[in-house]
Amino acid sequence: TRTMMMAAWLAAVAWLWCLPTGAGGALQAPREMPQELEEEFTLGGLIPLEHFYVDDTLRGRGTHYTYSRSQIDSVLTGITRSLAGIKEAFSAAERGSPFPHLPRDLWPLAAMWKYRDRLQGARVIVFGSMEPWAECAALQLNASSVTTVEYNELTYDHPSISTIRVHALESMVRSGHQWDVALSFSSFDHDGLGRYGDPVDPDGDIKAMSWMRTCITVGGTALVTVPIGPDLVVWNLHRRYGSVRLPRLLAEWEVEEKEGWFEDMLGRNTNFRRTYEPVLVLRNTKSREDGQVPPQSAPFVAVTAEEWDQLPAGTDSNMGAGAGGAAANIGGTTAASRSKTKAGDEALSSASTEAASDEL
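Pasting the structure below:
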């Protein structure tokens with residue numbers, strides 16, 4: 006079995022080498038969806054297709070984001086102030102949820118505060134990063150260490166933050182290394198679309214979620230945000246998850262809670278550039294053998310819209326949304342997490358935040 010998995014992985018890597026690259030060796034963002042893959046991306050026409058092209062590969066040159074120690078210290082200071090305000094919001098809300106009263110860009114941080122007991126002393130892994138706000142928040146909430154995985158190159162100068170490229174993560178996972186908590190904010194919806202130099206893959210997002218589960222311990226927690234609404238693929242901007250694809254994305258996870266969840270948003274057809282992103286609190290309930298890698302093909306789950314309501318999701322009484330993305334190719338699959346502050350999304354995230362009250 007291990008020999009077969011290795012052969013499949015080598016075949017995937019060989020395929021990657023055949024894709025067009027720029028001067029820096031990064032895969033270039035494809036302007037058009039490969040016609041032969043359209044049926045898979047749309048699940049046989051079940052999911053509509055729109056177009057909004059973005060190239061975050063710098064024309065295939067790749068990127069390198071650097072934060073000095075003094076810059077990270079400034080981020081830590083800002084996170085401390087934000088956490089103080091979130092703490093007050095939770096106190097003021099008493100038994101209710103503070104999420105409706107917080108700006109959307111604070112919802113992931115608010116979720117980290119709410120589940121801070123799980124971050125205490127935890128080994129945290131962040132999938133993708135353009136600026137170390139999630140890493141700094143985890144450290145301020147007493148995580149023992151943070152490892153950030155990024156498709157492109159990062160330099161974060163802090164003794165408790167490690168930044169690794171994909172090949173390093175693959176090696177660590179194969180050797181049995183795991184983390185306690187995973188963070189992925191507005192990330193996996195980009196996987197497989199090629200926008201960040203990741204390989205084009207109709208199931209890239211589902212494979213990325215499978216890889217994240219492999220990275221964390223049994224009983225470990227993942228905080229995840231993706232755009233929620235009527236199912237949609239926007240090439241090559243992102244995906245939006247509704248009653249068709251969302252159950253597939255969460256198939257391997259126990260959905261413990263949905264912070265900021267509005268059930269009717271699954272069917273509310275809003276502008277795809279103004280995303281609604283509740284924070285999904287997920288728990289890994291499955292064990293794995295040391296060194297085992299996720300399957301090359303994504304799990305298929307035939308789920309109807311009516312069956313979505315049967316997903317274990319705690320209560321739906323809380324309201325709010327999240328914001329947060331980068332792609333990392335791992336053994337022929339992709340695992341991504343890109344911050345909405347990166348160049349390609351700056352205008353879009355601004356519109357999302359400003360329009361929050363209008364949407365809801």
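With the sequence shown counted from 1, adding 5 to any position gets you the working numbering. Glycine included, every Cβ here is placed at the ideal spot set by N, Cα and C.
Original post:
Between E261 and V284, what straight-line distance do the alpha-carbon atoms span, to the nearest angstrom?
Top reply: Against the sequence shown, residue 261 aligns to sequence position 256. Against the sequence shown, residue 284 aligns to sequence position 279. Going by the C-alpha atoms only, they are around 11 Å apart.
Original post:
Buried or exposed: P204, going by 16 or more other Cβ atoms within 10 Å of its Cβ?
Top reply: On the sequence shown, position 199 is the one that residue 204 refers to. With 16 or more other Cβ atoms within 10 Å, it is buried.
Original post:
What do you get for T219, buried or exposed, if any count of 16 or more other CB atoms within 10 angstroms of its CB means buried?
Top reply: In the sequence shown, residue 219 corresponds to position 214, counting from 1. It is buried - the Cβ of T219 has at least 16 other Cβ atoms within 10 Å.
**OP:** Take D321 and list the residues in its own chain whose beta-carbon comes closer than 7 Å to its own, dropping the five residues that flank it on each side.
**Re:** For the purposes of this step, residue 321 is taken as the residue at position 316 of the sequence shown. Interpretation of D321 is limited by its pLDDT of 32, a score under 50 that renders its predicted location unreliable; the figure taken from the coordinates is listed afterwards. Answer for D321: K263, W266 and E268, listed in chain order.
Original post:
Hey, out of D110, D210 and S79, whose CA is closest to Y246's CA?
Top reply: In the sequence shown, counting from the first residue as 1, residue 246 sits at position 241. Comparing Cα positions, the closest option is D210.
**OP:** Please report how far the alpha carbon of L42 lies from the alpha carbon of S96, in whole angstroms.
**Re:** Working through the sequence shown from its first residue, we reach residue 42 at position 37. Working through the sequence shown from its first residue, we reach residue 96 at position 91. Near 50 Å, if we compare the C-alpha coordinates of S96 and L42.
Subject >> Residue interval of the beta strand (DSSP E) (run including S87) >> reply: Translated into the one-based positions of the sequence shown, residue 87 becomes position 82. No beta strand (DSSP E) contains S87, which is instead part of the alpha helix (DSSP H) from R74 to A98.
Original post:
Are V59 and L242 close, meaning C-beta to C-beta below 8 Å?
Top reply: Stepping through the sequence shown from its first residue, residue 59 is reached at position 54. Stepping through the sequence shown from its first residue, residue 242 is reached at position 237. Going by C-beta atoms, V59 is nearer than 8 Å to L242.
Original post:
What is the DSSP secondary structure of K263, reduced to helix, strand or coil?
Top reply: As a working note, residue 263 is residue 258 in the sequence shown. K263 sits in a strand when the DSSP states are folded into three classes.
Original post:
Using a Cβ-Cβ distance under 8 Å, would R36 count as near chain B?
Top reply: Absent from the structure is chain B; it holds one protein chain and no more.
**OP:** Look up L158 in the DSSP assignment and give the residues it is bridged to.
**Re:** Indexing the sequence shown from 1 puts residue 158 at position 153. Per the sequence presented here, residue 158 reads as Glu, with Leu not at that position. Its beta-bridge partners are H69.
Original post:
Around the C-beta of R36, are 16 or more other C-beta atoms found within 10 angstroms, so that it is buried, or is it exposed?
Top reply: Numbered from its first residue, the sequence shown carries residue 36 at position 31. Per the 10 Å Cβ criterion, exposed.
Original post:
Can you tell me whether F57 is buried or exposed, with buried defined as 16 or more other CB within 10 angstroms of its CB?
Top reply: Counting from 1 along the sequence shown, the entry for residue 57 is found at position 52. By the neighbour-count rule (16 or more Cβ atoms within 10 Å), F57 is not buried but exposed.
**OP:** Note down the Cα distance separating S248 from G50, rounded to an integer number of angstroms.
**Re:** Position 243 of the sequence shown, counting from 1, holds the residue named residue 248. Position 45 of the sequence shown, counting from 1, holds the residue named residue 50. For S248 and G50, the distance between alpha carbons rounds to 15 Å.
Original post:
What's the C-alpha gap between A133 and S79?
Top reply: Your numbering for residue 133 matches position 128 in the sequence shown. Your numbering for residue 79 matches position 74 in the sequence shown. Before going further, note that residue 133 is Gly rather than Ala in the sequence given. Using only the alpha carbons, I get a separation of about 20 Å.
Original post:
What whole-angstrom Cβ distance do G234 and L271 have, given they're in contact under 8 Å?
Top reply: Within the sequence shown, numbered from 1, the residue matching residue 234 stands at position 229. Within the sequence shown, numbered from 1, the residue matching residue 271 stands at position 266. Indeed, because the Cβ distance is near 7 Å, the residues count as touching under 8 Å.
Original post:
Looking at the unbroken beta strand (DSSP E) that takes in T222, where does it start and where does it end?
Top reply: Residue numbering aside, residue 222 sits at position 217 when the sequence shown is read from its first letter. Counting along the chain, the beta strand (DSSP E) containing T222 begins and ends at I221 to T230.
Original post:
Excluding five sequence neighbours on each side, which residues of the same chain lie with their C-beta closer than 8 Å to the C-beta of E44?
Top reply: In the sequence shown, residue 44 corresponds to position 39, counting from 1. So the list reads G50, once near-sequence residues are dropped.
**OP:** Tell me whether H106 sits in a helix, a strand or coil according to DSSP, three-state version.
**Re:** What you label residue 106 is simply residue 101 of the sequence shown in a count that begins at 1. It is helical.
Original post:
Of the choices H106, I130 and Q125, whose alpha-carbon is the least far from that of T168?
Top reply: Along the sequence shown, one-based indexing puts residue 168 at 163. For the residues H106, I130 and Q125, the minimum Cα distance to T168 belongs to I130.
Original post:
Should Y281 and T275 be called a contact, given that it needs their Cβ atoms to be closer than 8 Å?
Top reply: Numbered from 1 along the sequence shown, position 276 holds the residue referred to as residue 281. Numbered from 1 along the sequence shown, position 270 holds the residue referred to as residue 275. Contact flag set, yes.
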